[in-house]
Each structure stands twice: as C-alpha cells, then as structure tokens.
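S.K.: Under the numbering used here, the first residue of the sequence shown is numbered 458, with each subsequent residue one higher.
For glycine and all other residues, C-beta sits at the position ideal for the given N, C-alpha and C.
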Amino acid sequence: MTNLLGSLPSGRWVFPRRLQLKDYNDEHLRLILLQLIRHNLFAVEGGDDGPYPRIVAKRVGRGRKSSGFANVYDLVLAFGKIVDRQALRLKKGLADGPKSRAQTANKTDDNQIANSACSLLTRQDLIGPEPKDVRHYSTAWKEFEQMVGLDSVKGAIGELLTRAKVNYRREIVDKEPLQTSLNRVFIGPPGTGKTTVAKLYGQILADIGLLSTKEVVYKTPDDFLGQYMGESEAKTSQILDSTVGKVLIVDDAHMIYQGGKGNCASETDNYRLGCIDTIVTKIHNRPGEDRCVILLGYPDLMEEMFRNVNPGLRRRFPLEEAFRFQNYDDEHLNQILRLKMAKEEISATEHAMDVAAEVLRRSRDRPNFGNGGDVDNLLNQAKTRFRGRQETDKTIQTEKPKATQPDIYNGDISDSDSEENNTIVLEPQDFDPEWDRGVHATKKCQALFDGLIGFEPIINTFQGYHRMAANLRRRGRDPRDIVPFTFLFKGPPGTGKTHTARIVGQIFYDMGFLSTAEVIECSASHLIGQYMGQTAPKVIDMFERALGKVLFIDEAYRLAGGAGSLGGTQTYESEAVGELVDCMTKKRYLKKMVIVLAGYDKDMDSLIQVNAGLRGRFATEIVFPPMDATRMREYLYKLLNKEDIEVWDEAKPELGGEEAMLKLLGDLSRTPGWSNGRDIKTLAGVITGEVYKTAALEDLEDGDENVFRISTAQLNGFLEDMLRQRTQVGEAGRETDKIGSYE
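1. VAL882 and ALA958 look like a contact to me (Cβ under 8 Å); what is the Cβ gap, rounded to whole Å?
2. Taking the CB atoms as reference points, tell me whether CYS732 and LEU705 lie closer together than 8 Å.
3. Taking the Cβ atom as the reference point for each residue, do ALA1086 and GLY1123 lie within a distance shorter than 8 Å?
4. Look at the Cβ atom of PRO756, then the Cβ atom of MET712, and state whether they are nearer than 8 Å.
5. Taking 6 Å as the limit between beta carbons, can you name the residues of its chain near GLY827, skipping five residues before and five after?
6. Would a C-beta distance cut-off of 8 Å place ILE1065 and LEU1071 closer than the cut-off?
7. Within its chain, find whatever has a CB closer than 6 Å to the CB of ILE629; leave out the 5 residues flanking it on each side and keep chain order.
8. For GLU666 and LEU753, I'd like the C-alpha separation in whole angstroms.
9. Can you tell me whether ASP967 is helix, strand or coil according to DSSP?
10. Give the straight-line distance between the Cα atoms of VAL517 and GLU672, rounded to the nearest whole angstrom.
11. Are the C-beta atoms of VAL976 and some chain C residue less than 8 Å apart?
12. To the nearest angstrom, how far is the alpha carbon of ASP1011 from that of THR943?
13. To the nearest angstrom, report how far apart ILE489 and THR670 are at their CA atoms.
14. May I have the straight-line CA-CA distance separating ALA779 from ASP747, to the nearest angstrom?
15. What beta strand (DSSP E) runs, 3 residues minimum, are completely inside the stretch 732-763?
16. Hey, could you find the ends of the alpha helix (DSSP H) PHE1000 is sitting in?
17. ALA544 and VAL513 - do their beta-carbons sit closer together than 8 Å?
18. Pull up the distance between the alpha-carbon of ASN568 and that of ASP698, whole angstroms please.
19. Count the other CB atoms within 10 Å of the CB of THR1042; is the residue buried (16 or more) or exposed (fewer)?
20. Are there 16 or more other CB atoms within 10 angstroms of the CB of ARG1090, so buried, or fewer, so exposed?
21. Looking at the strands, I want to know which residues DSSP matches up with TYR675.
22. Per DSSP, which one or two residues make a beta bridge with GLU978?
23. By DSSP's criteria, ILE1052 is part of a beta bridge. Which residues make up the other side?
24. Is it right to say LEU1054 is buried, meaning 16 or more other beta carbons lie within 10 angstroms of its own, or is it exposed?
25. Quick one, are the C-beta atoms of PHE601 and LEU657 less than 8 Å apart?
26. Can you look up VAL605 in the DSSP assignment and give me helix, strand or coil?
27. Should the stretch 613-626 be called in touch with the stretch 588-602, which here means at least 3 C-beta pairs below 8 Å?
28. Within this structure, are the beta carbons of ILE1167 and VAL1143 separated by less than 8 Å?
29. Give a yes or no on contact between the stretch 882-891 and the stretch 789-807, applying the rule of three or more CB pairs nearer than 8 Å.
30. Expressed to the nearest angstrom, what Euclidean distance is found between the alpha-carbon atoms of ASP1136 and LEU1180?
31. Assuming the contact rule is C-beta atoms closer than 8 Å, LEU835 and ALA814 should be a hit. Round their C-beta distance to whole Å, please.
32. Starting from LEU1234, follow its DSSP beta bridges and name the residues at the other end.
33. Rounded to whole angstroms, what's the CA-CA distance from TYR785 to ILE915? Just pull it up for me.
34. Look at the Cβ atom of LEU498, then the Cβ atom of ILE539, and state whether they are nearer than 8 Å.
35. Just to confirm the assignment: which complete beta strand (DSSP E) runs, minimum length 3, are found wholly within the stretch 1051-1117?
36. Could you tell me if LYS995 is buried or exposed, where buried requires 16 or more neighbouring beta carbons within 10 angstroms of its beta carbon?
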C-alpha cells in the first residue's frame, strides 16, 4: 500500500473529495443572529421577520469585500455591540425613572407580549439611534462654528449629517445606503486650521453616532516607518488596528511619499511604499465602517503622492471630496487676531488694529505665509514690544521729579499703570515699530534720490504713485489695481538704473505694497538653464525668492538672444521669457512683487518684440537719459565735495576754463563705452587719490574740512588724460577692425 500511495502522481488521489466552504450570505447571517437572540432570551422589536435583524445582517455582510471577513465571528462582535447599547439604554432608563410594563408592552406585538419574560431589543439597540442634528448640542460643533471662514468645510459636515439621516431611513425600508466615507483628506497651506478642524470633525462624527468612541489619535509619518524590511507594514497595521472606532489623524501625510516631483512610485523607498500598501489593504469605504482616518498635507505634495502611489489610495481617500483649506483673506485674519486677543484679554486702540491689519496684509505676500501662525507671531511680537515699552516708561517715571508724576485722580494714568492692573492695551508701535512710514513716504522718497543729478522726473513719478495710493485708500479702494508693479528701465550704462531699482524696494515698502524693502538682483544668466527642462524651474525659483520684494533683472535684453532661431525652435532664452510671462499672470505672484527689467534702449525694444505678452505686462517705461556735460560737472563736484575736495581758483580761471571743462566732458561722453555716472565716479576716485597722495602731512593734520583744493586747470588736466586714454583705446579698436577687414 505504501508503494502504491508513493507512486501516485499527486495528493489529490489520497483526498479525492474537496469541500469548499463559502461565506454566509445575508440571509444566513440573519438566521444565525436570530438564534443568538433566542439563545440569550431576547426578543426583537418588530418581530423576527421585521427589518432590524435584516439590517444588522446586511451591515455585517458588507465586510465580505475585505480579506479579513470572519463571518459568524464578525456577527458575534456586532451582537455584543447590540447588547452594550441595550445596557446603556436600560441604565439611562433607570436614571430617568421607572416605566410601567404597560408602556413597554404598548410598543410590542402580541408575540413579544407572550415572551414578556425575555428582555426586549429595541430598534435603537439593534441598529443604533437615528442620527440627530448635533449642531444644536455638540460642543465640538459649537467650537468649530466659531472658527473664522471654513464655510465649505462647515457645509460638507452639514451634508454628511443629512446623508447619515437619509441612510438610516433607507436601511429601514430595505434600500441600500448611499456610499459615504468618513475617511477624508484635508489639504491646504500651513496655519489654516487643518489639525484643529480634524480633531473637531472626529468628535462631531462621534456625536452623530458614526463612530463608537470620541478618541482622537494623532500620528506623523515617522510613526509608520520602520528601519528594516517588513517593520513599516507591521507598524502601520498595528496603528490601524488600534484605532478602530477612533479618529486617526496623520499630519504631513505627504511625507510618506518622497518620490520627488516627476519621479515614479518605484523610486520611492520600499519602506514608504509598504506603509501606503498596508493602508490600502486595511481601510475600506464601506457604509457603517467604524473608522475615520484623516490625511493632512499641502495641496501640491498631496496630489503628487496620490498620482504616483497605489491607485487604491485615491479610491479610499477621494480627492474630489477633500476638505480644501484656503489662505485667509484680510478680513478673516483680522477676525482671528481679534479672537485671539479677546481670549487673552488683550485690547488695542483702533489705530493699532489698523496697523496690525496692514502688517498682516503685507505678510500675505511672503512665500510660505503661515496664516494663523503668522497671526500668533504678530501678537507675540506686539506683546514683547509692549512689555519693552512699559519697562522704558517705568524707567522714565522713576527718573522724573515727584512733581511731574501723573495725577491718577485726574485720570492721568500711564500704560505702566495699566500693566500693573493686568491690562494690556496695544499701540500702533507695538504691532509695527515703523507704523508711520507712509506719513513720511513722500519726503523719504526725495531723500532716497539724494546725490543723483537730474532725477527730478523720476522722483516726481514715484511720488505721484504714493499720492495716488494714499488717495485711493481714502476712498476705500485698493491701490494695487491702479499702481503699476512692473517697470521697464531703459537707458545707457551708468545712468542710475540699478540704483533706482534698489530705491524702488524702499518706496513700495513704505507705501505698504511689499513685506520687505529687499531687492533680488539677477541677470538673464540666472534665469536661463544649461539643459532642456532647467530653465522653467530657475525662473519659478527666482519668483519664489522675490515674493513680497523687488525682482530686478539687469541686462534683461539678453533674454532676446534666441529670437532669431531658425525653424521656430524654442531656445532657452525664449523658454525663460515664456515662463516669465506665465508666472506674472499667476495669482500667487500677481501684484505681490515688483518686477523691473533693465537694459539699453534699443536692446530693450528688441526684447519687448520677442513675446507679445511682455508689452502688455510691462506697460510702464522709465527712461534714464544720458548725462549732459553740465550734469556731469555738477555730479563730479558733488563727489569731490564728499571727499573734502573743493574746486577753487585763487584768481579768475583762465579764459575759457569752464567752457573747456564742459567741452572735455562732452567729448568724453561721446567716446565708445562711456558709462555716464559710473565713469564720473571713476574719475572722481582718480582725482581724490592724486589729491591725497600729493598733500603735505601738515595739511592732513589740519582740521579744516575743505583744506584740499584743486583748480579748474588741474581738473581739466585729469579730463584731458582720461580723454586721451579712451581715444587711444578707441583708435586701437578701429585699427583692429581695419586689419580684420584687410584679411
């Protein structure tokens, strides 16, 4: 026999009969449930053939779609919950007062009355109470309702409540419930309240009756990731199993995926993929599932993760139903600030609140704006400045003679007195030490151009923008819609384009349009990539750096370098221009930064022709004319005076000395490569060096600030030397051109 069995080709001949057991269907589960009920001496409201046992069986039967469905074992667990609900109901009934058996009997049929010795399982015991409108009594809802904004989230919770009621009634009439997932994705910028709302959302679900507990568990991606193969799956599975009936919040969920932009899922390490696959395996979107998992993250990163990982994740956490949190607008930020101040019993003058609103408005233009986090930072800084101001005031009061102390009986109470009374009243300078910068902006604008000759038209232009903004604000209008934020600076070299761009940062900061006076300076080479696909990211990165600041692109005409490419092939330069135009129209950058393109007149005109969108987006031109001889002389004198050098003649200058100087300056301006103010500054440096080098030691020790003097004739000598050098260079260049032409 052994040899015979050993010779058989397979074990199927040893066990020829195979018994395949299938999952119980809903009717089988209903009958088994009724047996459990009778065995435990219970009766059912509505009878055995009523709707409630059938509803329980269907709810348990929906678990067949998951790999861990346990048939009777799951039914026993559901029966245990039924008994628990009955116990809570009876306990509550005893607390409320005894009821007569007649009252109970009136709710049952004849069969239940005959079995009065059995304990009755009511509809509420079997399938739970009908969801109530928790908005009338839920503490979590009332707290959530007080939060600023979030109208779409509040509307979604209201819709969820309505659907829970509808599903409850559909089950009673033997209809399939509408698909409802408690699992959610919360996406939005930092500081918009995602974590706070997630906790309240879970408590509201419990109040509705969709979860068995009110416990909220907070986790981060590090809690799911293991250090060796298989540990991530085990940790993820343990977390999910331990949070059944609870709310599981996974903050910064996008960090589970680190494939990087443009990378496929296979490039993500296996530990992280194991976490995601386990989440997909463990979580389902079945109606009545006693689980709520909330994934929090930033919009772009979350959408990238959902695109590149297990497709099942998107089915379980549909992005179409995600709660999307937006950046707070000015009104909401002010409301949040007032709520936080009221909570800490802090007050402020109305003027101070206006200043705070302006600070927050400017902060919104910065990259990585923190929304509610920035409000917290502003309030903390204001309190710190308030305390510092109080300490200063106390010191002053201590140093004052007694007669000058405030008379508290006449109501002359200082801020320090209010602090001793535990009251904080914030002033404008607490929110912004330079809160009155706008009042002095016009005069400050004039002062910023000190030392520049012939800039009156440009000064008038920017002072006009300041007056325009002030008048529009008085009429309650936003000046951003009128004041230009993009400029073309056109002019020869050395005419002050770069210097003016740096001044523009301070001007627009003083007007309240920028969050800082910083200027990000770059050239075309900083925007152009070295290989295909590198240019656009470089442009975007530069825009990100310049948010809330001035982006100054010098020698911008170099972006027109690829305009003449053959066959219409896109060059790196044209790609940079296209990305530049595209970024300027995006909401993230529009009117949130000042952009200045600078270059020579004709070259800038050529650049504008490269892309039709450039002309419309850079409609404001500021022309920097070359310096004439008179302006050059005035600028030279001013530079020398700053170095304590005076142009002075003991007698009247030689005949034509002044005219000779102007002629020499005019001749210099016509030499190749003349750079106007830049070359005048170079000339002033040479003259200063020679004067200090030839001065006697006793002159250097003299305290007279105008001890060094130079005559007109000497000055003309320096001009002649400079002209001679530049003329020789020019002739050498022309000679080289001749030689090249002969060849």
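M.R.: Judging by the given coordinates:
1. One-based indexing of the sequence shown puts residue 882 at position 425. One-based indexing of the sequence shown puts residue 958 at position 501. About 41 Å separates the two Cβ atoms, so there is no contact after all.
2. For the purposes of this step, residue 732 is identified with residue 275 of the sequence shown, where counting begins at 1. For the purposes of this step, residue 705 is identified with residue 248 of the sequence shown, where counting begins at 1. In this structure, LEU705 does not lie closer than 8 Å to CYS732 by Cβ.
3. As a working mapping, residue 1086 is identified with position 629 in the sequence shown. As a working mapping, residue 1123 is identified with position 666 in the sequence shown. Yes. Within cutoff.
4. As a first step, residue 756 must be located in the sequence shown, where it is residue number 299. As a first step, residue 712 must be located in the sequence shown, where it is residue number 255. Result no, Cβ atoms of PRO756 and MET712 do not sit closer than 8 Å.
5. Start at 1 with the first residue of the sequence shown, and residue 827 comes out as number 370. Hits under 6 Å: PRO647, GLY648.
6. Translated into positions along the sequence shown, residue 1065 becomes position 608. Translated into positions along the sequence shown, residue 1071 becomes position 614. Yes.
7. Along the sequence shown, read from residue 1 onward, the residue named residue 629 stands at position 172. Cβ neighbours of ILE629 beyond the five flanking positions: PRO508.
8. Counting from one through the sequence shown, the residue named residue 666 turns up at place 209. Counting from one through the sequence shown, the residue named residue 753 turns up at place 296. According to the sequence displayed, residue 666 carries Gly and not Glu. Across the structure, GLY666 and LEU753 are spaced so that their CA atoms are roughly 23 Å apart.
9. Residue mapping note: residue 967 aligns to position 510 of the sequence shown, counting from 1. Helix.
10. Here residue 517 refers to the residue found at position 60 when the sequence shown is read from its first residue. Here residue 672 refers to the residue found at position 215 when the sequence shown is read from its first residue. About 23 Å.
11. In the structure shown, chain C cannot be found, because there is only a single protein chain.
12. What you label residue 1011 is simply residue 554 of the sequence shown in a count that begins at 1. What you label residue 943 is simply residue 486 of the sequence shown in a count that begins at 1. The straight-line gap from Cα to Cα measures roughly 14 Å.
13. Locating residue 489 in the sequence shown gives position 32, counting from the first residue. Locating residue 670 in the sequence shown gives position 213, counting from the first residue. Cα atoms of ILE489 and THR670: separation of roughly 27 Å, rounded to the nearest angstrom.
14. What you label residue 779 is simply residue 322 of the sequence shown in a count that begins at 1. What you label residue 747 is simply residue 290 of the sequence shown in a count that begins at 1. The alpha-carbon atoms of ALA779 and ASP747 are separated by roughly 20 Å.
15. For the beta strand (DSSP E) assignment, the uninterrupted runs of no fewer than 3 residues enclosed by the stretch 732-763 are, from N- to C-terminal side, 749-754.
16. To locate residue 1000, count along the sequence shown from 1; it is residue 543. For PHE1000, the enclosing alpha helix (DSSP H) begins and ends at 992-1002.
17. Here residue 513 corresponds to residue number 56 of the sequence shown, with the count starting at 1. Here residue 544 corresponds to residue number 87 of the sequence shown, with the count starting at 1. At least 8 Å separates the beta-carbon of VAL513 from that of ALA544.
18. In the sequence shown, residue 568 corresponds to position 111, counting from 1. In the sequence shown, residue 698 corresponds to position 241, counting from 1. For ASN568, the pLDDT reaches just 48, beneath the cut-off of 50, and the residue's location in the model is therefore unreliable, leaving the point undetermined.
19. As a first step, residue 1042 must be located in the sequence shown, where it is residue number 585. Counting Cβ neighbours within 10 Å, THR1042 comes out exposed, since fewer than 16 surround it.
20. What you label residue 1090 is simply residue 633 of the sequence shown in a count that begins at 1. Answer is buried; the Cβ neighbour count reaches 16.
21. Here the question's residue 675 lines up with position 218 in the sequence shown. BP columns for TYR675 point to ILE706.
22. Here the question's residue 978 lines up with position 521 in the sequence shown. Paired residues: PHE1009.
23. Taking the first residue of the sequence shown as 1, we reach residue 1052 at position 595. Bridge partners of ILE1052: THR943, LEU1008.
24. Locating residue 1054 in the sequence shown gives position 597, where the first residue counts as 1. LEU1054 comes out buried.
25. By one-based count along the sequence shown, residue 601 stands at place 144. By one-based count along the sequence shown, residue 657 stands at place 200. For the 8 Å CB-CB criterion, PHE601 and LEU657 form a contact.
26. Taking the first residue of the sequence shown as 1, we reach residue 605 at position 148. In the structure shown, VAL605 sits in coil (DSSP, three-state: anything other than H, G, I, E or B).
27. Touching, per the Cβ criterion.
28. Here residue 1167 corresponds to residue number 710 of the sequence shown, with the count starting at 1. Here residue 1143 corresponds to residue number 686 of the sequence shown, with the count starting at 1. Not in contact: ILE1167 and VAL1143 (Cβ atoms no closer than 8 Å).
29. The count of Cβ pairs closer than 8 Å, one atom from the stretch 882-891 and one from the stretch 789-807, reaches three, so the stretches are in contact.
30. For this step, residue 1136 is matched to residue 679 along the sequence shown. For this step, residue 1180 is matched to residue 723 along the sequence shown. Each residue's alpha carbon lies about 12 Å from the other.
31. Start at 1 with the first residue of the sequence shown, and residue 835 comes out as number 378. Start at 1 with the first residue of the sequence shown, and residue 814 comes out as number 357. That belief does not hold up - the Cβ atoms of LEU835 and ALA814 are roughly 10 Å apart, past 8 Å.
32. Residue 1234 is absent from the structure shown; the chain starts at 458 and stops at 1200.
33. On the sequence shown, residue 785 is found 328 positions in, with the first residue counted as 1. On the sequence shown, residue 915 is found 458 positions in, with the first residue counted as 1. In a straight line, the C-alpha of TYR785 is about 37 Å away from that of ILE915.
34. Numbered from its first residue, the sequence shown carries residue 498 at position 41. Numbered from its first residue, the sequence shown carries residue 539 at position 82. Contact flag unset, no.
35. Taking only runs of at least 3 residues, the beta strand (DSSP E) segments lying wholly in the stretch 1051-1117 are 1051-1056, 1078-1080, 1102-1104.
36. Here residue 995 refers to the residue found at position 538 of the sequence shown. Classification of LYS995: buried, given that the 10 Å Cβ count is 16 or more.
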